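Enquirer: Take this structure, written in C-alpha cells, and hold onto it; I'll ask about it next.
Printed below as a string of C-alpha cells:
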C-alpha cells in the first residue's frame, strides 16, 4: 500500500477515535438535552391529546407553525419571551382547530391531522415569503442567552441547563405527570379517553374536556416549536424534519404515559446528537442511525400488540361520546 | 342510492367552495384579485396544450396513490404509507430498469418493471399489513413509521451503491424501459412530461372500481371495512382480507413510480415524486371513492400543482398546499354535515308517515 493510502487510513482512524470521544463527552450530553426539548414538548402534546381520546398526527404541523410564530414575534419585538409566548399561543390555536374539527365537526382525526400538517408546511412558506421575502428561512434572531459564552462541553451544558425553555419544559412535564395522575381535570381527561360514554354518564362534558386537553397539548407542542426555532436562532422552512412523528413514536413506545414518553424522547434525542456527532463520518451510518427511532417504534408496536399489556392506547381513542 | 350520489356531490361542492374561499383569501392577502390569478392559473395549465399536458403528468402519480388509498379505505384501513411505498418502488424500478440490457424490447421491459414496482410497493406495505391483521397494531402509526424508514433506507441504498458514482441519482434505465411521452404522437403536447403511464393509471382505476368489487376477495374486503365482527361471524377470513387490502394498496402506490421514473426522468433521485402519497389521500377523499370523482380530483390537484408554478412569481406556490388542506377538511366536514341533514330529513319523513 502506498504512503498516501496509509495516511488516509490513519486519518480515518483518528477521525473515528475523535468521534468516539465526541459521543462520550459533556458536549454530547448537552446536545442530547438540548435536542430533547422539542421532542419532549411535542410528545406531551401528543399525550394530552390522545389521553383525552383524540388521535393527533398533527404534531409536526404544530411544531412548524409555532416555530415560525415565535421567531416572527421575537424578531419584530426583540423579545425572546414574547416570541416563546407567541409560539405557545399558536400551538394552542392549532390544537383548538384540530379539536373543534374532530370533536364538533366530526372530521376524522387522521384526515384533520394530515390537513394540518399540509397547511402548516405550505402556510409557513407563504408567511415566510410575505414577511421576509424568502421561502426558505427567516432572518437570524437573538434568542435567550444565559450562562457562559464558551464552546467547551461544560459551558454548553451550563447554557442548556439554564435555558428558560428547557426549564419550563422540565417543570411543565412534571406538572403534567402530576395533573394527569392526580388532578380532577386529569381524571376527566383520562375518563374521556378510556370511555367517553361512561364519562358522559358521570356528568363529564366530553366535548369540552377534549377541546381543552387537545388545545393544552397544542400549547405544549408550541413550546417545543419555539425551542426548536430558538435553538437555530432562526426559522427554516420544514425545520421540524419529522420531529413531530418521532414524538408521536415516543408516545406510543411509552404506552401513552407522559413520564415515560419524556424518557423515550431523551433517548431519541441522544440518537439525534449521535447523528450530529457522526456528521462527516459516514453517510450510511448516519442513515442507519436516523432510522432507529422508527424501527424501535415498529418493534415496540409488534411486541406490545403480541401480549396483553399495561401499556396500551386509551380504549376510547378515536371514539365519539354518542356513537357505537 | 340516489341520496348517496347527492350527498357525495354536496360534500364535493362544499369542499370546492371552501377551497375557493381559501384561495381567494390568500390572493387578497397578497393584494391581488382572485380573477386575475385564476386567469394566470388557467393560462399556465389548461390554457395551452403544453400546460394541459403538464397537468396530466402531475395528475398521474396522484391518481395512482388516490386509487391506492381508496382500495385500503374501502376495507376500513388508512394507508398513510403510500409515500414510502412509492419511494421504495421507485428505487426498485430505477435499479432494475438500469440493470436491463439495452437490447431488451419495451414489450418485455415495461410489464416487467410494472411488476417490479407493484411487488416493491406491496412488500413495503406487508409489514404494517401483518402488524395490523395479526397483532392489531394501528396501520396509521406503523405506516407513518415505514414512511420515515423508507426515506432513510432509500438514501442509504443510494449511498451504498445504487446511485451512479459521484452523483445522488441512479443510472439511466434501459431505453426499452422508458415510457413514451404523449408528445411523441400529439405534436401539440411536445415538451410536456405527460406520458403513457396515465393510461396505466386509468386502466388500474377501472379495474379497481369495477372489476375488483366483483371478485370474492374484493367484495369481502368491503364487508370487512363495514363490519369486521359480522364478517368474523360469517367466517370471512378477516385477517387475510385486511392483509390483502393493505398489500394491494401498496402495490398500486408502487405503480405510481411508472409516471415519474419510467415516464419522466428515466432515473430515480431522492425526493422524486415526493408528496404524491399524501395528495392521494386528498384525491380519495374528494373523489368519494367513485372512479369519475377520483379522475376529477386528480386533475384538480394536478391543476393546482402545475398552476402554482404559474402563480409563483406573485404568490408562493406552496399556497396551493393550504388550498388542498382546506379542501380535504371541508369535504370531510361537509360529508358529516350532509349525512346529518339526510338523517334528519329521513327521520322527519318517517315520522310524518308513521302514526305516532
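Residue numbers (our numbering), protein chains in the order written: chain S, 5 to 328; chain W, 536 to 891. Quick reminder that beta carbons are idealized off the backbone N, C-alpha and C, glycines included. Predicted, not measured: the structure shown is a model, and the values here were computed from it.
Please name the residue in S:72, S:195 and S:63 whose C-alpha comes closest to that of residue 48 of chain S.
Expert: Counted from its first residue, the first chain places residue 48 of chain S at position 44. Closest option to residue 48 of chain S, Cα to Cα, is S:63.
Enquirer: What are the uninterrupted segments assigned as alpha helix (DSSP H) that are 4 or more residues long and contained completely in the stretch 181 to 217 of chain S, given in chain order?
Expert: Those alpha helix (DSSP H) runs which fall completely within the stretch 181 to 217 of chain S and span 4+ residues are 188 to 198 and 200 to 205.
Enquirer: Below 7 angstroms on C-beta distance, what does residue 288 of chain S contact in chain W?
Expert: In the first chain, residue 288 of chain S corresponds to position 284, counting from 1. What residue 288 of chain S touches in chain W: 691, 694 and 695.
Enquirer: Just list the alpha helix (DSSP H) runs in the stretch 758 to 825 of chain W, keeping only unbroken ones of 4 residues or longer that don't cross its boundaries, in chain order.
Expert: As far as the stretch 758 to 825 of chain W is concerned, its whole alpha helix (DSSP H) runs of at least 4 residues are 763 to 768, 773 to 790 and 811 to 822.
Enquirer: Look up residue 716 of chain W in the DSSP assignment and give the residues it is bridged to.
Expert: Residue mapping note: residue 716 of chain W aligns to position 181 of the second chain, counting from 1. Per DSSP, W:730.
Enquirer: So residue 656 of chain W and residue 703 of chain W are in contact, right, with Cβ under 8 angstroms, and what is the actual spacing, rounded?
Expert: Taking the second chain and counting its residues from 1, one reaches residue 656 of chain W at position 121. Taking the second chain and counting its residues from 1, one reaches residue 703 of chain W at position 168. About 22 angstroms; that fails the 8 angstroms criterion.
Enquirer: Compute the Euclidean distance between the alpha carbons of residue 744 of chain W and residue 756 of chain W, then round it to the nearest angstrom.
Expert: Here residue 744 of chain W is taken as the residue at index 209 of the second chain, counted from 1. Here residue 756 of chain W is taken as the residue at index 221 of the second chain, counted from 1. Answer to the nearest angstrom: the Cα atoms are 13 angstroms apart.
Enquirer: Within 10 Å of its beta-carbon, does residue 875 of chain W have 16 or more other beta-carbons around it, so buried, or fewer, so exposed?
Expert: If you number the second chain from 1, residue 875 of chain W lands on position 340. Counting Cβ neighbours within 10 Å, residue 875 of chain W comes out exposed, since fewer than 16 surround it.
Enquirer: Distance cutoff 9 angstroms, beta carbons only. Does residue 59 of chain S sit that close to anything in chain W?
Expert: Position 55 of the first chain, counted from the first residue, corresponds to residue 59 of chain S. So yes, residue 59 of chain S belongs to the interface.
Enquirer: Going by DSSP in three states, residue 60 of chain S sits in which element: helix, strand or coil?
Expert: Walking along the first chain from the start, residue 60 of chain S turns up at place 56. Here residue 60 of chain S sits in coil by DSSP.
Enquirer: Mind checking which residues open and close the alpha helix (DSSP H) that includes residue 663 of chain W?
Expert: For the purposes of this step, residue 663 of chain W is taken as residue 128 along the second chain, with counting starting at 1. Segment 641 to 670, the alpha helix (DSSP H) holding residue 663 of chain W.
Enquirer: Return the Cβ separation of residue 689 of chain W and residue 805 of chain W in integer angstroms, given the expectation that the two are a contact with Cβ distance under 8 angstroms.
Expert: As a first step, residue 689 of chain W is located in the second chain; it is residue number 154 there, counting from the start. As a first step, residue 805 of chain W is located in the second chain; it is residue number 270 there, counting from the start. Yes, they are in contact, since the Cβ atoms of residue 689 of chain W and residue 805 of chain W sit about 6 angstroms apart, within 8 angstroms.
Enquirer: Output needed for residue 539 of chain W: all residues of its chain with C-beta closer than 6 angstroms, excluding positions within five of it in sequence on either side, in chain order.
Expert: Taking the first residue of the second chain as 1, we reach residue 539 of chain W at position 4. Nothing listed; no residue qualifies.
Enquirer: On the three-state DSSP scale, how would you describe residue 238 of chain S?
Expert: Within the first chain, residue 238 of chain S is the residue found at index 234, counting from 1. Note: residue 238 of chain S maps to coil in three-state DSSP.
Enquirer: Is residue 141 of chain S helix, strand or coil when you go by DSSP?
Expert: On the first chain, residue 141 of chain S is found 137 positions in, with the first residue counted as 1. Residue state, collapsed to three classes: strand.
Enquirer: If we call anything under 9 angstroms between Cβ atoms a contact, is residue 621 of chain W one with residue 298 of chain S?
Expert: Within the second chain, residue 621 of chain W is the residue found at index 86, counting from 1. Within the first chain, residue 298 of chain S is the residue found at index 294, counting from 1. No; because the gap between Cβ atoms is not below 9 angstroms, this pair is not in contact.
Enquirer: Inspect the beta-carbon positions of residue 107 of chain S and residue 211 of chain S and report whether they are closer than 9 angstroms.
Expert: Position 103 of the first chain holds residue 107 of chain S. Position 207 of the first chain holds residue 211 of chain S. Their beta carbons are under 9 angstroms apart, which means residue 107 of chain S touches residue 211 of chain S by this criterion.
Enquirer: Check whether the stretch 691 to 702 of chain W and the stretch 554 to 564 of chain W touch, using three or more Cβ-Cβ pairs below 8 angstroms as the test.
Expert: Touching, no, given that fewer than three Cβ pairs across the two stretches are closer than 8 angstroms.
Enquirer: With a 10 Å radius around its C-beta and 16 neighbouring C-beta atoms as the bar for buried, classify residue 820 of chain W as buried or exposed.
Expert: Stepping through the second chain from its first residue, residue 820 of chain W is reached at position 285. Flag for residue 820 of chain W reads buried.
Enquirer: Starting from the Cα of residue 605 of chain W, find the closest Cα among W:632, W:780 and W:628 and give me that residue.
Expert: The residue given as residue 605 of chain W occupies position 70 in the second chain. Checking every option, the nearest Cα to that of residue 605 of chain W belongs to W:780.
Enquirer: For a contact meaning CB atoms closer than 7 angstroms, what does residue 127 of chain S contact in chain W?
Expert: For the purposes of this step, residue 127 of chain S is taken as the residue at position 123 of the first chain. 857, listed in chain order.
Enquirer: Could you give the distance in angstroms between the alpha-carbon of residue 231 of chain S and the alpha-carbon of residue 644 of chain W?
Expert: Here residue 231 of chain S is taken as the residue at index 227 of the first chain, counted from 1. Here residue 644 of chain W is taken as the residue at index 109 of the second chain, counted from 1. Using only the alpha carbons, I get a separation of about 51 angstroms.
Enquirer: Roughly how far, in whole angstroms, is the beta-carbon of residue 254 of chain S from the beta-carbon of residue 269 of chain S, given that I think they are within contact range, below 8 angstroms?
Expert: Position 250 of the first chain holds residue 254 of chain S. Position 265 of the first chain holds residue 269 of chain S. Confirmed, about 5 angstroms.
Enquirer: Quick one: residues in its chain with C-beta nearer than 6 angstroms to the C-beta of residue 591 of chain W, no 5 flanking neighbours on either side, listed in chain order?
Expert: Here residue 591 of chain W refers to the residue found at position 56 when the second chain is read from its first residue. Correct list, in chain order: 729 and 733.
Enquirer: Is residue 890 of chain W helix, strand or coil by DSSP?
Expert: Stepping through the second chain from its first residue, residue 890 of chain W is reached at position 355. Any reading at residue 890 of chain W must be qualified, since the residue scores a pLDDT of 46, below 50, and its modelled position is unreliable; the value itself is stated next. Coil.
Enquirer: May I ask you to verify whether the stretch 605 to 614 of chain W touches the stretch 668 to 678 of chain W, counting CB pairs closer than 8 angstroms and requiring at least 3?
Expert: Verdict: yes, contact present.
Enquirer: Using a Cβ-Cβ distance under 9 angstroms, would residue 681 of chain W count as near chain S?
Expert: Position 146 of the second chain, counted from the first residue, corresponds to residue 681 of chain W. So, interface residue.
Enquirer: Cβ closer than 7 angstroms: which chain S residues qualify as neighbours of residue 676 of chain W?
Expert: Working through the second chain from its first residue, we reach residue 676 of chain W at position 141. Residues of chain S passing the Cβ test: 256 and 305.
Enquirer: Can you check whether the C-beta of residue 43 of chain S is within less than 9 angstroms of a C-beta belonging to chain W?
Expert: Counting from 1 along the first chain, the entry for residue 43 of chain S is found at position 39. Not an interface residue.
Enquirer: Sort out for me which residues DSSP pairs residue 704 of chain W with in a bridge.
Expert: Locating residue 704 of chain W in the second chain gives position 169, where the first residue counts as 1. Paired residue(s): W:804.
Enquirer: Since residue 675 of chain W is in the alpha helix (DSSP H), which residue starts that stretch and which ends it?
Expert: Translated into positions along the second chain, residue 675 of chain W becomes position 140. 674 to 692 is the extent of the alpha helix (DSSP H) around residue 675 of chain W.
Enquirer: What is the DSSP secondary structure of residue 244 of chain S, counted as helix, strand or coil?
Expert: Here residue 244 of chain S refers to the residue found at position 240 of the first chain. Here residue 244 of chain S sits in coil by DSSP.
Enquirer: Give a yes or no on whether the minimum CB-CB distance between residue 561 of chain W and chain S is below 9 angstroms.
Expert: Here residue 561 of chain W refers to the residue found at position 26 of the second chain. Yes, residue 561 of chain W lies at the interface with chain S (some Cβ there is under 9 angstroms from its Cβ).
Enquirer: Return the residue from the list W:648, W:814 and W:638 that minimises the CA-CA distance to residue 628 of chain W.
Expert: Within the second chain, residue 628 of chain W is the residue found at index 93, counting from 1. Residue W:648 is the option with its Cα nearest to residue 628 of chain W.
Enquirer: State yes or no: is the beta carbon of residue 769 of chain W nearer than 9 angstroms to at least one beta carbon in chain S?
Expert: The residue given as residue 769 of chain W occupies position 234 in the second chain. It does not; no Cβ of chain S falls within 9 angstroms.
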